[in-house]
Amino acid sequence: MAMQAEGRLQHPPRKHSRADESTPGSSSKRPTLFVRGEDDYLPGNIVEIEIHNFMTYNHLRSKPGSRLNLVIGPNGTGKSSLVCAIAIGLAGEPQLLGRASNIGDYVKRGEESGWIKISLRGNKAGETITVTRKIDRQNKSEWQLNGRIVPKRDVLDTVHKFNIQVGNLTQFLPQDRVCEFAKLSPVQLLEETEKAVGDQELSVQHRALIDKSCSLKRLEITVKQNEETLNQLKAQNAEQEKDVERVRQREQLLQKAESMKKKLPWLKYDMRKMQYMEAKEKEKEAKRKRDEIARAIAVQKNPIEEKKQQKLKLEATCKKLNSNISSNDKKRREIIQMENQLSVQVRAKVSEIEEVKKREESQQERIARAKDDLRAAEAELAQLPVYEPPKEEIENLGARIRELEVSASERRSSKREKVSMLDQERSTLNRCLARLKDIENTNTRLLQALKDSGASHIFEAVEWVKNHSNDFKEKVYGPVLLEVNVSNKSHTAYLEGHVPYYIWKSFITQDPYDRDLLVKNLKPFDIPVLNYTGNRLTQNKPLPVSDAMHKLGIMSRLDEVFEAPSAVKEVLISQAALDHSFIGSEETNCRADDANKLGVMDLWTPENHYRWSRSRYGGHISASVNPVNGSRLFASNVDTREVNELAYKRRECEEHIARIDEDIKSISSEQRHLEDEAANLHRKREDIVNNVRLERRKRQEMANRIDQRKRKLESMEKEEDLETTISRLTDMIGNLNVQRFKHAVEMKNLLIEAVSLKRRFAEEQLTIIELDMKVRDMERELREPEKNGIQAQQELDLCKDELERCKRHLQIAKDAAESVAKLNPELQRAFEEMPETVEELEAAIQDCTAQANAVMFLNPNVLDEYERRCEKISSLTLKVEEDKLALNNILTEINNLKETWLPTLRSLVTRIDETFGKNFQEMAVAGEVTLDEHGMDFDKYGILIKVKFRQTGQLQVLSAHHQSGGERSVSTILYLVSLQDLTNCPFRVVDEINQGMDPINERNMFQQLVRAASQPNTPQCFLLTPKLLPDLDYTDACSILNIMNGPWIDKPSKVWSSGANWGTVTEIMSRQS
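Mapping the sequence shown onto my numbering, position 644 (from 1) lands on 689, and the numbers just tick up by one.
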């Protein structure tokens, strides 16, 4: 059913002049924030309200009056909806109304969105500030200021500028929060009254006084505690002064002994230094002896070296003579060889003369045979058949061979690609294997960490499981340390500290048979075995990481910071409750108590491990805090996900390599087949070509034979005669004999030269032998001095070794002495007063130690305790002085602030009390408003409303225990009326405050409201009520806003809005019905 509502000003407001605003008695009140204008509105007054699709309304436009607005309508017609529109439209939160908490719930049912438009009177007449808020079902809001979209803070600034406080119950009292006003404590009532009535600084000063008084109390307690501690420390030190004196005497003796002990290593250093200097002198003497022997040996070696140089020169001469002899011998052999060749040539020419003589007799017969051979060859050539080479067959074979070679080339190219792919896959496989080996080394380091921590047989256990992996029915994990990977290394300390140690070295099975097998075989190794059944029952659901935890610095749970196989992770969670342990930051460490309030019972921070436990009996919570220790086991963590990925990649690479190998074999087979076929065709073509060549060569040979026989015949026919040939050969023999004679002369000269060279060579050799004998004799004489030199060098080496050893000992003694005490002038002067020998010094040290041990005292730590207390006394004295100074400063600030705040507040409460008492006397017996003061406890200051409604009774503080509902309503409205002319706010809203009043109190209350509204500069007021008593007295300050609804309200509302009277409206209603 559609609903409409319209507001009509029943009695127009009276226009007040400036004279009205300065009525007598107004000067006694505090100055108001705003002044009423000629239009009778105060700045910040609501001049118009327009709402659309809001709660019960389709649409409403209302123009309230400037003073008292009585909003009248039956229950359920939408009076409180008007209050909600004012609050929400002026940036109030839905929770203030005590109704729905979401803004989307205020949209009218069946609609998706709505809006509220509130027009406020500006600082000048005619100036209007329009605030619009659009809302929708998705709890979204859009703000407009004078039709322009703005952020919410701009609207809040405008609302605060006019001191509109929709959250203050003394200014804005909706129907659902009327009961809350009566429940306000005196302290809360004072705070609300300060905000609504007092100066803006009044509540700020009150809050500052509360904060400073708290600081004052804390400082007083701190000063008192520190003074008590200071007195206790001074008393304890006074009791222990005698013991301290004995301890100091003992420490002086011990310090003297320690000082002597410092000299002891320096004395030992001096002894080492003397030894070093002696060794150095010995080394110098040995070096001098060695040098003298070396010089003597050098004098004896010089003649030997000269003889050796002469020998070398002679040997060089002999070598050169030997070379010349060899060269002479070579030349003689060459001449002999040439003579032999010339002799052979002479004999050959003589034989040729004899042969020429014999050949002349048969020359005619040979010419006749040659002619016959020529005719026979020509006849054979003419009889050969004609031969045509098979060109087409050769071309076909060539084309087929080229096709096969192209196919074979394609196979070779494909094979090269496959080989390249194979190389890449093998390279990838090698990298995977290398990385797996590195990870295996990491696993070895983790196993070593387990072994070092107590699992002495962990390597044997892992080896046994690896060797018997085929005996298990399901996958076996372990040790658990190798299966867990923590990405953030800072979390390893938390995980290691939270999980019991035995789990890290355990193996996890997934079958009872595997568990029994492992338990039986790993028992000698002392390695636990856990069986995962896969049906873990979660007793308590894990607490999620909420936004509040995020704000506290808690980012995750302990079960979320590591990766592991599901079985391993489930075992860790079930055994160590990782899903109930949280990880925080440095901020969380500082606010650990707040974490427990959020339900956290186990918390890890970078510094501490917090645990909370709840008692089964009393339910109280106890906490324990332990420091976080560094991780020992996770020094080298293994990324199990990387291991799985690498294993999968290795299998994939191996499969690819196998496939590529098969492809290469197949391609190679095809290639060989093609190459074999091409080779066969090559051979076939080669055979054909060879046949062609053979036929051609056969004919060419026949032609060559014919040509050769022709030339032979011509040669035989052109041969010289016998005499000419013999003459020519005889001349050649003469020339050869001349050359032989020359060679014989040259041989003679070479023989003479060879004899001379050999004689000189023999002489030089004899000289070399003589020099060699002299050198040996001289070297024999030199052996004794060299032996002495070697002994001297050995002695020098020994001295150097001894010197080096003394030097090392000296350095060690110096380092030892400097590690005890480094020399300085002061220490050297102290050493001069001490004994000079080691024995005397050690005796003196023993005497001092014995005297120190003779000093007796009960508490060995008394001096440390005394000095620590002295330091505490000094720091505490300074702290007490600083705190007293701060205490005086705060006290001065409080007194100065109190002198400003308290008189103002007392004056304000006094004025409220005067108005409240006067108004209350007219309606009841008596009432008063007092300020409940508590000295320096400013957080306990409050306003007490005391009333009595019977003559025989006494004044009672307003509460639900002493007054009825109607009495509380009367008291509440009168208190609000008392604030009317004191308030700084532009308007006040009170919803159905008259409910529960008897007619007399309601009539009196109404008259009070009308009288208060007639005062100048009082705020605009909205009073919502379902009914009013008859015959009430109204003034021009009252405006009546009637709310009517129903299915026939449309036309009457338009008539009503046009200014017609009630009779016209009822006439229209009767015609419609």
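We put the beta carbon where it would ideally sit given N, CA and C, even for glycine. These figures come from a predicted structure and were not determined experimentally.
Exposure label - residue i; buried when at least 16 CB within 10 Å
i, result
"S626", "buried"
"V544", "buried"
"I266", "exposed"
"T640", "The sequence as given places Ala at residue 640; Thr does not occur at that position. Flag for A640 reads buried."
"E884", "exposed"
"I705", "buried"
"C259", "exposed"
"S371", "exposed"
"F965", "buried"
"G155", "exposed"
"N208", "buried"
"P69", "Because the pLDDT of P69 is 30, which lies under 50, any placement of that residue in the model is unreliable, and the number read from its coordinates should be weighed accordingly. Result: exposed."
"H654", "buried"
"Y693", "exposed"
"Q277", "exposed"
"V645", "buried"
"S72", "In this prediction, S72 scores a pLDDT of 31, lower than 50, which makes its location untrustworthy; the coordinate-derived value is nonetheless stated afterwards. Classification of S72: exposed, given that the 10 Å Cβ count is below 16."
"K991", "buried"
"A444", "exposed"
"A748", "exposed"
"L930", "exposed"
"L1053", "Looking at the sequence itself, residue 1053 is Gln, so the reference to Leu does not match. Under this definition Q1053 is a buried residue."
"K162", "buried"
"V464", "exposed"
"T238", "buried"
"T769", "exposed"
Beta-ladder partner(s) of residue i, from DSSP
i, result
"Q277", "Partner(s): none; Q277 has no beta bridge."
"L113", "C1066, C1083"
"R27", "Because residue 27 is not part of the residues shown, which for the chain are 46 to 1118, the question remains open."
"E973", "K991"
"Q1001", "V992"
For residue i, the nearest candidate out of the options (CA to CA)
i, options, result
"K353", "K819, F1067, F994", "K819"
"N576", "P589, K568, D561", "D561"
"L947", "A931, I935, G980", "G980"
"E759", "L419, S107, G192", "L419"
"T650", "I439, C698, V688, S601", "S601"
"N31", "E455, R695, L449, K279", "Missing from the structure shown is residue 31; the chain here goes from 46 to 1118 and no further."
"V734", "P434, A424, K755, Q1001", "P434"
"K859", "L467, N168, K318", "K318"
"A130", "E93, L115, K596, I778", "E93"
"G779", "K394, K364, L299, M100", "K394"
"E652", "H665, R821, N671, S667", "N671"
Supposed close pair residue i, residue j - CB separation, criterion 8 Å
i, j, result
"G579", "I553", "With a Cβ gap of about 12 Å, G579 and I553 do not count as contacting."
"G89", "G212", "Rounded, the Cβ-Cβ distance is 16 Å, inconsistent with contact."
"L261", "K943", "About 12 Å separates the two Cβ atoms, so there is no contact after all."
"T175", "G192", "7 Å"
"N282", "C915", "7 Å"
"T945", "Q250", "7 Å"
"P830", "I349", "Incorrect: roughly 12 Å between the Cβ atoms, too far for contact."
Same chain, Cβ closer than 7 Å to residue i, neighbours up to 5 away in sequence not counted
i, result
"F504", "L492, K496"
"F679", "V531, T537, E541"
"Q716", "A453, R456, R457, K460"
"E157", "D181, R182"
Chain-order list of residues whose beta-carbon lies under 6 Å from that of residue i (same chain, five-residue window excluded)
i, result
"T1119", "Not covered by the structure: residue 1119. The range shown for the chain is 46 to 1118."
"D721", "none"
"Q216", "Q210, A241, C1030, R1033"
is_contact[residue i, chain B] using C-beta, thresh 8 Å
i, result
"E910", "This model lacks chain B altogether; it includes just one protein chain."
Cβ-based neighbour list, residue i, same chain, cut-off 8 Å, excluding 5 preceding and 5 following
i, result
"I381", "M792"
"R951", "L976"
"D556", "F517, K518, E519, N576"
"S591", "L643"
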